[in-house]
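Numbering (our numbering), first residue to last: 3 to 282.
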């Protein structure tokens, strides 16, 4: 039962007051045990040994906004825990979030962040700035530090279309985080997860500022293919099972996930090209 509930069924005062525009702060007062980082873990437990982990996510800034893509594999040690997990989601109408790390906590963090942004918008009657959204997410990652120290770490990648950019030519912005909630704005592209080293190496050679959204989608799938080629925890396009990366865009028109037909066409082109030139 959440803290402070009256057995008579009457809502406690915290639910009836104006309160804060932060849903996370509200939850920390009303029901702190529901926050991912507040749950007690058995002493000495290394959660990383028993929980599925998800990788790899890439984000690319384009002339129109940003593209974010994630592979579909989750691993548990040397086993494949899931072949079709979705690790890239819309945060709100103009931003995207992807997660690497402990899959269950990461998905919960995404849902909590989505509610956080929606709660703020309903309470304040306005949307948070892109910087404000990134700062809220950093605070949420910091709140999970205790669990992260026991092996249940989650690191997000956040990107979106800035409705009020300081530089109109850079409306698509990308933010990365460390496990302690450190926030860093990236230029051009970024990747997280165990395959990020290989994905960023691929993007480093092919990325050019001002790339179109269409070309960035192809680059993202290429980068995930290279990551899967050298990292066993990253899953490449699975033509047999028809499982392909999740690819989303954020532009002035909002967020959009590529349809199955669209991403299938791109993935098949990438795989076909690698049949002729495996090294890319």
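Cβ atoms here follow ideal geometry from the backbone N, Cα and C, with glycine treated the same way.
Residue i versus residue j - alpha carbon distance
{"i": "residue 86", "j": "residue 56", "result": "11 Å"}
{"i": "residue 266", "j": "residue 22", "result": "44 Å"}
{"i": "residue 96", "j": "residue 82", "result": "33 Å"}
{"i": "residue 156", "j": "residue 53", "result": "12 Å"}
{"i": "residue 246", "j": "residue 220", "result": "13 Å"}
{"i": "residue 161", "j": "residue 184", "result": "15 Å"}
{"i": "residue 3", "j": "residue 113", "result": "Bear in mind that the predicted position of residue 3 carries a pLDDT of just 45, short of 50, making it too unreliable to give a figure here."}
{"i": "residue 239", "j": "residue 270", "result": "8 Å"}
{"i": "residue 79", "j": "residue 197", "result": "15 Å"}
{"i": "residue 136", "j": "residue 272", "result": "32 Å"}
{"i": "residue 191", "j": "residue 109", "result": "23 Å"}
{"i": "residue 253", "j": "residue 153", "result": "36 Å"}
{"i": "residue 209", "j": "residue 145", "result": "34 Å"}
{"i": "residue 275", "j": "residue 282", "result": "8 Å"}
{"i": "residue 163", "j": "residue 149", "result": "31 Å"}
{"i": "residue 118", "j": "residue 84", "result": "28 Å"}
{"i": "residue 213", "j": "residue 233", "result": "27 Å"}
{"i": "residue 215", "j": "residue 58", "result": "20 Å"}
{"i": "residue 178", "j": "residue 98", "result": "12 Å"}
{"i": "residue 93", "j": "residue 280", "result": "35 Å"}
{"i": "residue 211", "j": "residue 130", "result": "27 Å"}
{"i": "residue 147", "j": "residue 182", "result": "6 Å"}
{"i": "residue 151", "j": "residue 218", "result": "35 Å"}
{"i": "residue 141", "j": "residue 278", "result": "46 Å"}
{"i": "residue 230", "j": "residue 199", "result": "11 Å"}
Bridge partners - residue i, DSSP secondary structure assignment
{"i": "residue 104", "result": "55"}
{"i": "residue 194", "result": "59"}
{"i": "residue 186", "result": "178"}
{"i": "residue 68", "result": "63 and 252"}
{"i": "residue 163", "result": "174"}
{"i": "residue 99", "result": "91 and 160"}
Limits of the unbroken beta strand (DSSP E) element including residue i
{"i": "residue 176", "result": "174-179"}
{"i": "residue 245", "result": "Taken as a continuous stretch (DSSP letters only), residue 245 belongs to no beta strand (DSSP E), as it is neither H nor E."}
{"i": "residue 78", "result": "76-78"}
{"i": "residue 83", "result": "81-84"}
{"i": "residue 211", "result": "Here residue 211 belongs to no beta strand (DSSP E), and DSSP marks it neither H nor E."}
{"i": "residue 170", "result": "First-last for residue 170: undefined, no H or E at that position."}
Whole-angstrom C-beta distance between residue j and residue i, which should lie under 8 Å
{"i": "residue 223", "j": "residue 65", "result": "Going by Cβ atoms, the distance from residue 223 to residue 65 rounds to 19 Å, so no, they are not a contact pair."}
{"i": "residue 60", "j": "residue 193", "result": "4 Å"}
{"i": "residue 75", "j": "residue 235", "result": "7 Å"}
{"i": "residue 101", "j": "residue 89", "result": "6 Å"}
{"i": "residue 173", "j": "residue 204", "result": "Wrong, their Cβ atoms sit about 25 Å apart, outside the cutoff."}
Best match in the options for proximity to residue i [C-alpha to C-alpha]
{"i": "residue 260", "options": "84, 24 and 91", "result": "91"}
{"i": "residue 249", "options": "255, 243, 241 and 264", "result": "264"}
{"i": "residue 159", "options": "176, 167 and 172", "result": "176"}
{"i": "residue 202", "options": "256, 105, 181 and 227", "result": "227"}
{"i": "residue 165", "options": "255, 111, 120 and 230", "result": "255"}
{"i": "residue 24", "options": "187, 116 and 241", "result": "116"}
{"i": "residue 132", "options": "229, 244 and 187", "result": "187"}
{"i": "residue 111", "options": "139, 124 and 121", "result": "139"}
Host alpha helix (DSSP H) of residue i (start-end)
{"i": "residue 94", "result": "Taken as a continuous stretch (DSSP letters only), residue 94 belongs to no alpha helix (DSSP H), being part of the beta strand (DSSP E) at 90-94."}
{"i": "residue 220", "result": "215-232"}
{"i": "residue 132", "result": "132-145"}
{"i": "residue 269", "result": "262-278"}
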